[in-house]
Amino acid sequence: MNRSYVFAAAAVTIFSLGSTLSFAAKKGDIDEDVATTLSDFNGLNTSNAGLRKQAAGVLVFPHITKGGVGVAGEFGEGALQVNGKTVGYYSIGGASIGLTLGAAKRSEIIMFMTPDALDKFTNSDGWSMGADAGVTVVSAKATADYDTLTHKTPILAFAFGEKGLMGDLSVEGSKITKIKD
535 MNRSYVFAAA AVTIFSLGST LSFAAKKGDI DEDVATTLSD FNGLNTSNAG LRKQAAGVLV
595 FPHITKGGVG VAGEFGEGAL QVNGKTVGYY SIGGASIGLT LGAAKRSEII MFMTPDALDK
655 FTNSDGWSMG ADAGVTVVSA KATADYDTLT HKTPILAFAF GEKGLMGDLS VEGSKITKIK
715 D
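Numbers in our numbering are just positions in the sequence shown, counted from 1, shifted up by 534.
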């Protein structure tokens, strides 16, 4: 592959992420997207709504976009809900270098199943999935016994609604940061 093409694609990816960051979505738009995403999530498995009620906090990212050629980046915005009420807004982002080609979007829900896990998240200044805590990734359509999962791990992550073609749709390595007012 031509080196100038790779560098141009990397620059476009980085510029796109930077421009997305500078035009952060309004809170009302995020709230609407969060409500729709939670409704979609509940429709995937009859146990999902009950699992959400058990969680100390639920972090919802309705749209995470990831893309690149060689150099990849991802970005999304969402909200943290406690007892069904929004208590803060967050962004998720990440970058990687390697054999990456494509673009994709997904929704992601992170459930903090214990008050301690939620406190560690809210008191951190930038939290990385996989690095800062053990996160169990669960298929949103799974028919697994959620009671067993909630006793084994304090944090559950669900990625669903993938659209597009991308070699890597993992949730680990992403950094989550509170959006300052």
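All C-beta atoms, glycine included, are put in the ideal place defined by N, C-alpha and C.
Just grab the DSSP bridge partners of residue i for me.
i	result
V594	A613, I643
F599	The sequence shown places Thr at residue 599, rather than the Phe named in the question. In the DSSP output, where bridge partners are listed per residue, T599 has F609, K639.
K619	V616
Measure the beta-carbon distance from residue i to residue j and round it to whole angstroms, keeping in mind my assumption that it falls under 8 Å.
i	j	result
A613	D563	Rounded, the Cβ-Cβ distance is 11 Å, inconsistent with contact.
V603	I643	Between I643 and V603 the Cβ distance is about 29 Å, and since that is not below 8 Å, they are no contact.
G628	K709	6 Å
R640	F694	7 Å
Give the secondary structure of residue i by DSSP, where H, G and I count as helix, E and B as strand, and everything else as coil.
i	result
I626	strand
V669	coil
S581	coil
T656	helix
A693	strand
T687	coil
S573	helix
G604	strand
I564	helix
K714	coil
K709	strand
Can you find the residues in the same chain that come closer than 8 Å, C-beta to C-beta, to residue i, ignoring five residues on each side of it along the sequence?
i	result
P688	F646, M647, T648, D650, A651, A667, G668
S662	G707, S708, K709, I710
So, at 7 Å on beta carbons, what are the nonlocal neighbours of residue i in its own chain, with the 5 sequence-adjacent residues on each side left out?
i	result
A589	M645, F646, M647
Take residue i and list the residues in its own chain whose beta-carbon comes closer than 6 Å to its own, dropping the five residues that flank it on each side.
i	result
K697	K639
S630	A606
V672	L690, F692
Would the segment 645 to 657 and the segment 597 to 612 be scored as touching if the rule is three or more Cβ pairs under 8 Å? As far as the Cβ criterion goes, the segment 645 to 657 does not touch the segment 597 to 612, which means the pair count is below three.
For the segment 574 to 592 against the segment 622 to 637, are there 3 or more C-beta pairs whose distance is under 8 Å? Pairwise C-beta distances place the segment 574 to 592 out of contact with the segment 622 to 637, as fewer than three of them are shorter than 8 Å.
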